[in-house]
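Number of protein chains: 2
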Amino acid sequence: MLSKKTKYGLKALTYIARSEGDMPVQVAVIAKSEQIPQKFLESILLTLRKSGILGSKKGKHGGYYLRHEPSEIKMTDVMRVLEGPIAMVPCVSLNYYEKCDDCPDEHLCSVNKLMLQVRDSTLKVFRNTTLADLSSTNE
Amino acid sequence: MLSKKTKYGLKALTYIARSEGDMPVQVAVIAKSEQIPQKFLESILLTLRKSGILGSKKGKHGGYYLRHEPSEIKMTDVMRVLEGPIAMVPCVSLNYYEKCDDCPDEHLCSVNKLMLQVRDSTLKVFRNTTLADLSSTNE
DNA sequence: GCATTCCCTACTAAATTGATAGGGTTAATA
DNA sequence: TATTAACCCTATCAATTTAGTAGGGAATGC
Numbered sequence: 003m004l005s006k007k008t009k010y011g012l013k014a015l016t017y018i019a020r021s022e023g024d025m026p027v028q029v030a031v032i033a034k035s036e037q038i039p040q041k042f043l044e045s046i047l048l049t050l051r052k053s054g055i056l057g058s059k060k061g062k063h064g065g066y067y068l069r070h071e072p073s074e075i076k077m078t079d080v081m082r083v084l085e086g087p088i089a090m091v092p093c094v095s096l097n098y099y100e101k102c103d104d105c106p107d108e109h110l111c112s113v114n115k116l117m118l119q120v121r122d123s124t125l126k127v128f129r130n131t132t133l134a135d136l137s138s139t140n141e
Numbered sequence: 003m004l005s006k007k008t009k010y011g012l013k014a015l016t017y018i019a020r021s022e023g024d025m026p027v028q029v030a031v032i033a034k035s036e037q038i039p040q041k042f043l044e045s046i047l048l049t050l051r052k053s054g055i056l057g058s059k060k061g062k063h064g065g066y067y068l069r070h071e072p073s074e075i076k077m078t079d080v081m082r083v084l085e086g087p088i089a090m091v092p093c094v095s096l097n098y099y100e101k102c103d104d105c106p107d108e109h110l111c112s113v114n115k116l117m118l119q120v121r122d123s124t125l126k127v128f129r130n131t132t133l134a135d136l137s138s139t140n141e
């Protein structure tokens with residue numbers, strides 16, 4: 003299951019992308035429009051800022067903005083920040099590889115074999131999708 | 003992340019498929035060979051039996067066996083039994099569809115749009131993979 | 001009748017998730 | 001320079017899920 007954190011994060015990014023008029027967007031505005039608990043959203047946007055996807059401005063008329071064009075923001079990056087590793091098991095993870103304690107030989111492991119395929123196909127989707135795709139309303 | 007339940011279940015199924023010599027395979031044997039807590043494995047195999055994937059025989063020389071040929075056992079079925087819905091959000095699930103409370107229009111929802119693609123690509127893998135594929139050692 | 005093996009229910013510890021609370025810091029502007 | 005609007009940060013917490021344990025019941029084969 004997708005965590006609420008990721009769901010909210012994606013919705014917020016989409017909202018910001020659709021609002022692009024140079025003005026930063028405030029947490030309170032997004033929270034209200036997307037029906038997300040404001041404090042929870044604050045912490046999510048903070049994570050996105052720390053990861054470099056969002057920028058922020060404090061004080062009056064402050065808020066969050068995208069650091070790059072929506073078409074430059076790939077889902078691989080967004081999903082890794084929000085949801086963590088894309089692979090369903092560490093032994094097939096590109097960025098967080100870890101050997102299984104059991105499992106003497108990965109190449110004989112049926113779980114590894116299956117999850118490698120799942121990872122590849124999911125990765126293909128995330129690599130080919132940007133925030134611009136998510137925020138476009140048509141198609 | 004893949005749950006241990008699913009991981010253990012897949013390993014056990016693979017083990018049984020590889021052992022096929024008409025004799026049922028005992029939980030204790032699988033547990034020892036695959037390093038799975040026996041009691042936990044018992045409950046997993048029970049689930050697989052109740053779902054119709056495995057059959058069982060009680061008493062001496064009893065154990066679990068496949069109800070169908072490995073090449074007939076699709077990962078879509080196995081994964082749904084072990085891990086639950088394949089979709090990451092209920093609003094794109096084929097078998098467990100549920101509307102989001104928020105989200106006035108699914109077709110405008112960026113999360114829906116993305117997760118629909120992920121579901122389709124994952125489903126394609128699971129539909130094209132059977133237990134026979136998992137248990138074959140070559141390739 | 002006795003060992004073996006699956007069957008079933010209940011319980012529990014640990015981790016994760018989805019928040020909430022409460023205040024601190026920075027920036028604009030009157 | 002005081003005020004207010006906004007982000008920033010840490011701590012805490014309840015609910016849920018996960019991973020596993022305990023203990024015995026029921027069927028089968030010898």
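Chains as they are written, first to last, in the numbering used here: chain S, 3 to 141; chain W, 3 to 141. Beta carbons: idealized from backbone N, C-alpha and C, even for Gly.
Q) By a C-beta neighbour count over all protein chains shown, 10 Å radius and 16 as the cutoff for buried, is W:F42 buried or exposed? A) exposed
**Q.** Chain-ordered residues of the segment 102-133 of chain S with a beta carbon less than 7 Å from chain W
**A.** D104, L110, S112, V113, K115, L116, M117, Q119, V120, S123, T124, K126, V127, T131
Q: State yes or no: is the C-beta of S:T8 within less than 7 Å of the C-beta of S:I75?
A: no
Q) What whole-angstrom Cβ distance do S:V83 and S:S53 have, given they're in contact under 8 Å? A) 4 Å
**Q.** Extent of the continuous alpha helix (DSSP H) to which S:R84 belongs
**A.** First, the amino acid is wrong: residue 84 of chain S is Leu here, not Arg. Taken as a continuous stretch (DSSP letters only), the alpha helix (DSSP H) holding S:L84 covers 77-85.
Q | Candidates W:D107, W:D104, W:P106, W:G86: closest to W:Y98 by CA position | A | For W:Y98, the closest alpha carbon among the candidates W:D107, W:D104, W:P106, W:G86 is that of W:G86.
Q | Proximity test, Cβ basis, 7 Å: S:Q40 and chain W | A | For S:Q40, no Cβ of chain W is located within less than 7 Å of the residue's own Cβ.
Q) Taking S:K115 as the reference, which of S:F128, S:K126, S:S95, S:N130 has the closest Cα? A) S:S95
Q) Is it the case that the CB of S:I46 approaches a heavy atom of the ligand PLP more closely than 6 Å? A) The model on display carries no ligand, and the ligand PLP is accordingly not part of it.
Q) List, in order along the chain, the chain S residues whose C-beta lies closer than 7 Å to that of W:E71? A) Ordered by position in chain S, no residue passes the 7 Å Cβ test against W:E71, which lies about 16 Å from the chain.
Q) Should S:S137 and S:A19 be called a contact, given that it needs their Cβ atoms to be closer than 7 Å? A) yes
(Q) Helix, strand or coil, according to DSSP, for W:V27 in the structure here? (A) strand
Q) Checking contacts by CB at 7 Å: is W:K9 closer than that to chain S? A) yes
Q) Since W:Y67 sits in a beta bridge, which residues does DSSP pair it with? A) W:G57
Q) Whose C-alpha, out of S:C105, S:C111, S:S123, S:D79, is nearest the C-alpha of S:L12? A) S:D79
Q: Please compile the residues from chain W whose C-beta is within a distance smaller than 8 Å of the C-beta of S:E36.
A: D104
Q) Does the beta carbon of S:V27 sit closer than 7 Å to a beta carbon anywhere in chain W? A) no
Q) In its own chain, which residues sit with a C-beta less than 6 Å from the C-beta of W:I32, not counting the 5 before and 5 after it? A) The answer, listed in chain order, is A14, Y17.
Q | Contact between the segment 59-66 of chain S and the segment 22-29 of chain S (3+ Cβ pairs under 8 Å) | A | yes
Q | Boundaries (first-last residue) of the alpha helix (DSSP H) holding S:N114 | A | Counting along the chain, the alpha helix (DSSP H) containing S:N114 begins and ends at 112-129.
Q) Given that S:V91 touches chain W, what residues does it touch there, using C-beta distances under 9 Å? A) Those within 9 Å of S:V91 in chain W are M3, L4, K9.
Q: Run the CB neighbour count on W:R121, radius 10 Å, all protein chains shown included, and call it buried at 16 or more, exposed below.
A: buried
(Q) I need the straight-line Cα distance from W:H109 to W:K101, nearest angstrom please. (A) Take the alpha-carbon of W:H109 and the one of W:K101: they are about 12 Å apart.
Q.
With a threshold of 7 Å between beta carbons, is S:R78 in contact with chain W?
A. The question names Arg, yet the displayed sequence has Thr at residue 78 of chain S. For S:T78, no Cβ of chain W is located within less than 7 Å of the residue's own Cβ.
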